[in-house]
Structure formats: structure tokens, C-alpha cells
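Have a look at the structure below, then the notes.
In this note's numbering, the protein residues as written are 229 to 339.
Next comes the structure, spelled out in C-alpha cells:
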């Protein structure tokens with residue numbers, strides 16, 4: 229389901245957790261909500277990101293390697309795919325639709 233344009237407008241990057249030639253995993257804030265954002269892929273100059281609504285407790289658990297990335301996406305909260313190319317499109321999705329894009333259960337941030 230396509231839900232909004234300009235999702236990235238008026239957001240604040242709270243922290244880039246993993247960076248290589250650009251942010252790969254970041255925490256952003258928009259409208260007093262926190263989101264875990266993970267770069268998935270680029271095809272034909274179009275970048276794909278997986279975004280999960282989160283909270284401070286979950287972020288701390290991720291950083292402390294007590295919560296795997298996959299298990300974060302199993303928790304309650306909205307999940308989105310952000311497509312950035314010539315224009316920005318945000319699609320609402322769910323764990324079942326995205327589970328093949330996520331790391332296995334035993335993969336942690338290890339930062």
C-alpha cells in the first residue's frame with residue numbers, strides 16, 4: 229500500500245549506526261517517532277530502504293546485541309519500504325513480505 233510522499237522531509241538523523249559510502253543503518257526521528265532505517269539495495273540508480281518504527285529501549289537492545297535485526301522487525305510497529313530515485317515513494321509492508329530481505333535470526337549489529 230503506497231502511503232505517503234515526502235517521508236524524509238523534516239526528519240532528523242539521530243545516529244548513523246553503520247556507514248560505508250553513505251549511511252547503511254541509521255536511526256531517524258520524525259514527528260516524535262523513532263525509526264530504524266536499513267539500506268537494502270540499489271538498482272538502476274534507485275535505492276531501497278527498509279524502515280521500522282522503534283523506540284529507545286529497542287535501539288539500546290540492538291546496540292547491546294541483545295536484539296537481532298530480524299527480531300526487531302518481528303516486534304509491533306509499522307514497517308515500510310522507502311524507494312528513492314527520481315522521486316520518493318513509501319510503501320507500508322509487513323514482516324512476512326520482507327523476511328527474505330532481512331538477515332538470519334543470529335545476526336546482530338555488533339557495533
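Each residue gets a CB set at the ideal place from its N, CA and C atoms; glycine is no exception.
In whole angstroms, give me the CA-to-CA distance for residue i and residue j.
i: residue 235; j: residue 315; result: 11 angstroms
i: residue 246; j: residue 252; result: 5 angstroms
i: residue 258; j: residue 291; result: 21 angstroms
i: residue 284; j: residue 244; result: 15 angstroms
i: residue 254; j: residue 293; result: 16 angstroms
i: residue 328; j: residue 266; result: 14 angstroms
i: residue 248; j: residue 270; result: 14 angstroms
Per DSSP, what kind of secondary structure is residue i in: helix, strand or coil?
i: residue 238; result: coil
i: residue 297; result: helix
i: residue 284; result: helix
i: residue 272; result: coil
i: residue 329; result: helix
i: residue 310; result: strand
i: residue 337; result: coil
So, for residue i: in the same chain, excluding its five sequence neighbours on each side, which residues have a beta-carbon less than 8 angstroms away from its beta-carbon?
i: residue 326; result: 278, 301, 307 and 309
Between which two residues does the alpha helix (DSSP H) containing residue i stretch?
i: residue 254; result: It is not in any alpha helix (DSSP H) - residue 254 instead sits in the beta strand (DSSP E) that spans 251–258.
Do residue j and residue i come within 8 angstroms of each other at the CB atom, strictly closer than that value?
i: residue 297; j: residue 268; result: no
i: residue 286; j: residue 261; result: no
i: residue 256; j: residue 281; result: no
i: residue 272; j: residue 312; result: no
In its own chain, which residues sit with a C-beta less than 7 angstroms from the C-beta of residue i, not counting the 5 before and 5 after it?
i: residue 331; result: 297 and 298
i: residue 289; result: 295
Leaving out five residues on either side along the sequence, give the residues of the same chain with a beta carbon under 6 angstroms from the beta carbon of residue i.
i: residue 321; result: 307 and 309
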